[in-house]
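Below: one structure, written as structure tokens.
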Amino acid sequence: MPADKAVWTSTPAEDDTIPDDTHDPIFQEEQAHLSRTYETLVAMEGPLVARLEKNRADAAKDKENMADEMSSNMASWEEAQETWIEYASANRVVDAYNQAEEAYARKLDDIHLLLEQPYFAKVALQFKPGDAPKEIYIGAAGISDDSYRRLVVDWRSPVAEVYYNQENGPTSYEANGRTINVDLKLRRQFDVERDCLNAYFDTTVAIQDSLLLASLSKRRTEHMKAITATIQKEQNQVIRHADVPVLLVAGIAGSGKTSVLLQRIAYLFYQQRGTLDPSEVYLITPNPVFRRYIDNVLPELGERNPETLTWDEFAASLMPPDRSQGALDVPVERLRRVDEAMRHFTFDPSDFRDLRCEGETLVSANQIRQVASKFKNATPGPHLVALMREELEERFDNRLSQLASAEAVQDEIVALSLTEQLGLFGETVDPQSEQEERDIAKRYVRIKYDSVREAIRNDEWLRIDRIGMRMLGAKSLDPVEWLFVKMAVTGMGNPWAKYVMIDEVQDYTAAQLMVLARYFRRAHFLLLGDENQAIRPNTASFDEVRAVFQAERGSVDECRLMTSYRSSPEITSLFAGLLPKTEQVQVSSVMRPETAPDIRTFADEDAYAAALAEAIADAEERTKASGGIAAVIVPWKDQARRLQKLLGDACPRLMDKTTSLPRSGVVLISLQLAKGLEFDHVIIPDASAQAFPDEPLARRRLYTTISRATGRITVLAKGALTPLIQRD
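Counted the way the UniProt record's numbering counts, the sequence shown spans residues 1 to 728.
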């Protein structure tokens, strides 16, 4: 069959020339295979549910029996040993049930995922000359039937790589450290919904990928969609890249950087199944709107979302309240000075503070000075702080024991209402002996003063501001300096994180990146961005990004994505015209041609306002008629307020950090919140020379704004058009 042949079974409203699939034996054969696969999946579901329920019932019964039979006899060493052996044996039984539960539940999840779309592709591979090609169907998950016959291969499996390489003929893939040479005889894509085959495509060339174009032409919604079926060759190279300390991905707008990031996470979960937990993967996102936009992608792939947070949330979780706001563009040289200062660092007597709770001092600065003196021979820095932290917590426990025996505490407990008792202890308390009374008092003071214990563990007894100002000879510390000083002095950090993904890396300063690299000190980093979308001043260039991570991790691997899968050729040409000449020739779009950009200027304020209102009304009508989302994108929030005043009731709803995108309609959104999002239609309300002067930051902001659009763009200007846009 020739490359890129497509057979359609659906009936588009305006196409009467669709071939009749009933005369296509390949279509009939593939539909029959799909029906058999679907029936097998349905047949597997019921027994698997039964096994899962039986496992749970057996586990509950065995736990009950073991609880009745086990003793806690510690009267002698021999009896204590027997007790611990019984406990260990019981734990092994419970672990076996838990493992079975996890295996059944995961297979059931895979079945449910595949029932939506059993697979999306097939490859025919010849492993040896003269052998019949082996047909392999590829889907969002892999599954075998009860006879261990592989029905569907997971898209992340080694053999699936030949599908994404998109090269018919001799090729290879890596499996278990070996290179497997094969001859790819067929690469077939499917448009499948449950047990219905809509179309199939035999294709070899990425840019003629019919399934890709069909997927990209769909209207945008409030959530990003997984791209598993349409991953392109250059994207696949990032997704399956070797596990390296740092991978920097530079991609133009619309090249699928965020999609690739999420598919990479899913790939890592598959590769390290059983050893990599979502809690060990961190995704740093530009803003909460973007987080909500992507939060369904991994669950659609059968994976849990990683820990996801913004820089502001990261900083706020580590700093005192109201302390995380401030300048971020601190020169990295100042952070290096902190490292230098640590070589000769010693605590000053005034570096410590009291820890108080409800007006009472539980740990005094003087006590902390005594502890520091006790460990005066220890090396200053994280080791010394760890010793002091342990000693302070021990002294705090002694203090709590003293408080628990105080009459005042007993009076407080007696005065507690039933509601207060339930809130504190999770139960009502009625001590029947002096021992029970002491135990309740100890629980009470531990709960009451728990914030002090947390303060000890978080090293809040250190005056980080004072220490940092002394190190840097400064009168105050910015947030990144404060964080870096605390990490240097106390060892604060997350040594358990295995991967950290930073999207829109061009919007971070070098100092921010240095803090993240140091905080997640053992993690591998995936950094994705586009230097031309750096919309804030003084953020890190890619040279600075490389320098930071080469210093912190030793090496940086790099990949480039230069094809736009978002915007029409007309829109791609418009934003590519803002790139340096050397980059313009590398940019391409795979989208079908659409409407030419609508660019208009107005000398008259009333005419401008009328045209803007008309453009918004037209966008409203289009989204009502055919779905999708349109956006009026402004550089700053204050311009949004001016538009609200100018347009009144005709102004679209303003997005903020707390809101989510609608399923369809028109929104008003600042460029900062629009980062990473895409819209069917973008309206730039003022692209005048005043709003976008001919300077680098304005050029990047305009490039980013235009590149949010997929199919239509309207550019209006009050007065002269920005010189950054060259009109034909």
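Quick reminder that beta carbons are idealized off the backbone N, C-alpha and C, glycines included. Given the structure is predicted, the values throughout are model-derived calculations rather than measurements.
Nearest-angstrom Cα separation, counted from D145 out to residue 765: Any answer about residue 765 is impossible in this case: the structure gives the chain only from 1 up to 728.
Length of the line joining the Cα atoms of P479 and T310: For P479 and T310, the distance between alpha carbons rounds to 15 Å.
I447, buried or exposed, once every other Cβ within 10 Å from all chains shown has been counted against 16: Here I447 is exposed: its Cβ has fewer than 16 other Cβ atoms, across all protein chains shown, within 10 Å.
Residue closest to F352, alpha-carbon to alpha-carbon, out of Q410, I136, F602, R389: The shortest Cα separation from F352 among Q410, I136, F602, R389 belongs to R389.
Residues near R521 in its chain [Cβ-Cβ closer than 7 Å; skip 5 each side]: So the list reads G493, P495, once near-sequence residues are dropped.
Nearest-angstrom Cα separation, counted from L702 out to I713: One C-alpha to the other measures close to 12 Å.
N-terminal and C-terminal residue of the alpha helix (DSSP H) that D145 is part of: From DSSP, D145 is part of no alpha helix (DSSP H); its letter is neither H nor E.
Exposure of F190, with buried meaning 16 or more beta-carbon neighbours within 10 Å: By the 10 Å Cβ count, F190 comes out buried.
Proximity winner among N198, A96, L115, N236, relative to V162 (alpha-carbon distances): Cα-wise, what sits closest to V162 is N236.
Counterpart residues of P170 in DSSP-defined beta bridges: Among the bridge pairs identified by DSSP, P170 is matched with D183.
Cutoff 6 Å; reference Y164; Cβ partners in own chain excluding five residues on either side: The answer, listed in chain order, is I231, N236.
Nearest-angstrom Cβ-Cβ length linking A227 and G251, presumed shorter than 8 Å: The identity of residue 227 in the sequence shown is Ile, whereas the question assumes Ala. Rounded, the Cβ-Cβ distance is 14 Å, inconsistent with contact.
Buried or exposed (CB count within 10 angstroms, at least 16 for buried), E407: E407 is classed as exposed because its beta carbon has fewer than 16 other beta carbons within 10 Å across all chains shown.
Three-way DSSP call (helix, strand, coil) for I616 in this model: Here I616 carries a helix assignment [DSSP, helix/strand/coil].
Candidates E552, R264, D154: closest to D503 by CA position: With distances taken between Cα atoms, D503 lies closest to R264.
S573 in three-state terms, based on DSSP: Under the three-state reduction of DSSP output, S573 falls in the helix class.
The region 624 to 644 / the region 667 to 684 touching (three or more Cβ pairs under 8 Å): Judged by Cβ distances under 8 Å, the region 624 to 644 makes contact with the region 667 to 684, as three or more pairs qualify.
Y173 beta carbon less than 9 Å from that of V159: Yes. Within cutoff.
Nonlocal neighbours in the same chain, by C-beta distance under 6 Å from R546, ignoring five residues either side: So the list reads V556, once near-sequence residues are dropped.
Euclidean distance between Cα positions of L416 and L283: Rounded to the nearest whole angstrom, the CA to CA distance from L416 to L283 is 44 Å.
Assigned exposure category for P723 - 16 Cβ within 10 Å defines buried: The Cβ neighbour count for P723, taken over all protein chains shown within 10 Å, is under 16; the residue is labelled exposed.
Distance between F120 and E531 (C-alpha atoms, nearest Å): C-alpha of E531 to C-alpha of F120: approximately 35 Å in a straight line.
Cβ-Cβ separation, N287 to D295 (assumed contact under 8 Å), whole Å: Taking the Cβ atoms as the reference, D295 lies roughly 13 Å from N287, outside the contact range of under 8 Å.
Under 9 Å between C-beta atoms of A704 and A253: According to the sequence provided, residue 704 is Thr. The question's Ala does not apply to it. Judged by their CB atoms, T704 and A253 are nearer to each other than the 9 Å cut-off.
contact_flag[the region 364 to 383, the region 465 to 481] where n(CB pairs < 8 Å) is 3 or more: With a cut-off of 8 Å, the region 465 to 481 and the region 364 to 383 do not count as touching, because too few Cβ pairs lie within range.
Helix, strand or coil at P12 [DSSP, three-state]: Confidence in P12 is poor, its pLDDT being 36 and thus under 50, which makes the residue's placement unreliable; the coordinate value appears in the next sentence. Correct three-state label for P12: coil.
Extent of the continuous alpha helix (DSSP H) run through M342: That run of the alpha helix (DSSP H) goes 332 to 342.
Endpoints, the beta strand (DSSP E) within which K122 is located: Annotation: the continuous beta strand (DSSP E) that includes K122 extends over 121 to 126.
Three-state secondary structure (DSSP) of N538: Three-state result, N538: coil.
E391 in three-state terms, based on DSSP: E391: helix per DSSP, three-state reduction.
Alpha carbon of E481 to alpha carbon of R334, nearest angstrom: Using only the alpha carbons, I get a separation of about 8 Å.
Any chain B beta carbon closer than 9 Å to E135: No chain B appears in this structure, which consists of one protein chain only.
Cβ-Cβ distance between R395 and V429 below 9 Å: No, they are not a contact pair.
Touching by the beta-carbon criterion (3+ pairs, under 8 Å), the region 25 to 37 and the region 53 to 69: Too few Cβ pairs lie closer than 8 Å, so no.
For P299, the nearest candidate out of A610, A691, L113 (CA to CA): Of the candidates A610, A691, L113, the one whose C-alpha sits nearest the C-alpha of P299 is L113.
Boundaries of the beta strand (DSSP E) in which S670 is found, first to last residue: Run containing S670: 665 to 670, per the beta strand (DSSP E) assignment.
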